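Below is one structure; the comments refer to it alone.
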Amino acid sequence: PLGITFNACRAEELDFAGMFDVIFCNSTFQWLNPPEPVLRCSHRALKKGGRMGIQAPATRTYSPNFMEAVEAVRHDPRTRETFARFRAPWLFFDTAQEYRLLFENAGFDVLRARIEKITTVHTADEVFKVFDSGAAAGYLNPECYDVRLTDGYVEDFRGIVRDSFTRQANREGKVNLTFFRIYLLAQKASGQPSAVG
220 PLGITFNACR AEELDFAGMF DVIFCNSTFQ WLNPPEPVLR CSHRALKKGG RMGIQAPATR
280 TYSPNFMEAV EAVRHDPRTR ETFARFRAPW LFFDTAQEYR LLFENAGFDV LRARIEKITT
340 VHTADEVFKV FDSGAAAGYL NPECYDVRLT DGYVEDFRGI VRDSFTRQAN REGKVNLTFF
400 RIYLLAQKAS GQPSAVG
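For the sequence shown, position 28 (counting from the first letter as 1) is numbered 247 according to our numbering, and the numbering increases by one without interruption.
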């Protein structure tokens, strides 16, 4: 009754032209690597005057809490040899201007672009759940290593990360979880043709 159709496909294979008013990318832009094909398809898929918004982790130190935990993995004798073979799958830029240029090069007019530091308070277990719900998909993805991951490595990795979050907690057992996030709003100009390619 609502006229909604769901379609699962790779973002760089969107086969629509001038169909959508809005495209919103929530906490997934970092996985679009390289992002240019996705932005070209998104630009083409939008109607004239259509908008695309993103909210995603940003900067190489996207979460200092996560970085501290991963540094513990990097130096722990149980994991350091395998972790040295890890290649990050994410795309992070350090400035809002870099994100702005990426969108402008795809034909968008960027209306707003800013990186904000967001801090929320959680228990160490909650921080681990946040890590496990996103970042772990990269850090423990076998395709991001040029060696085979063992069950022992995965178990040790998770334990080291969990222990790091416990150490980061204050006397009340709370962790100030910080993320740097890009907030960007771009528009396809009213008289602008679709980006090609």
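Backbone N, C-alpha and C define an ideal beta-carbon position, used for all residues, glycine too.
Computed from a predicted structure; not experimentally measured.
If you draw a straight line from the C-alpha of residue i to the C-alpha of residue j, how long is it?
i	j	result
Asn284	Val257	30 angstroms
His262	Ser409	12 angstroms
Arg229	Thr247	13 angstroms
Asp351	Met238	35 angstroms
Gln274	Leu404	9 angstroms
Val241	Leu320	20 angstroms
Arg377	Ala388	17 angstroms
Lys267	Lys407	6 angstroms
Pro361	Met286	20 angstroms
Thr224	Arg270	20 angstroms
Kindly list the residues whose CB is nearer than 7 angstroms to the CB of residue i, restricted to its own chain and excluding five residues on each side of it in sequence; keep chain order.
i	result
Tyr372	Thr298, Thr301
Leu310	Gln249, Leu251, Asn252, Pro254
Leu330	Leu404, Ala405, Gln406
Mind checking who residue i pairs with in its DSSP beta bridge?
i	result
Ala277	Answer by DSSP bridge pairing: none, since Ala277 is not bridged.
Asp328	Gln406
Thr385	BP columns for Thr385 are empty, so no partner.
Going by beta-carbon coordinates alone, are residue i and residue j separated by less than 7 angstroms?
i	j	result
Tyr281	Phe399	yes
Lys393	Val340	yes
Ala343	Thr385	yes
Ala315	Ile334	yes
Between which two residues does the alpha helix (DSSP H) containing residue i stretch?
i	result
Cys363	Note, Cys363: premise wrong, no alpha helix (DSSP H); not H, not E.
Lys348	343-352
Asn284	283-294
Phe239	Here Phe239 belongs to no alpha helix (DSSP H); instead the beta strand (DSSP E) covers 239-245.
Please list, in chain order, all residues of the same chain as residue i whose beta carbon is under 8 angstroms from its beta carbon, the five residues on each side excluded.
i	result
Tyr364	Thr301, Arg304, Phe305, Arg306
For residue i, which residues in the same chain have their Cβ closer than 6 angstroms to its Cβ, ignoring the five residues on either side in sequence?
i	result
Phe243	Gly272
Leu359	Val373
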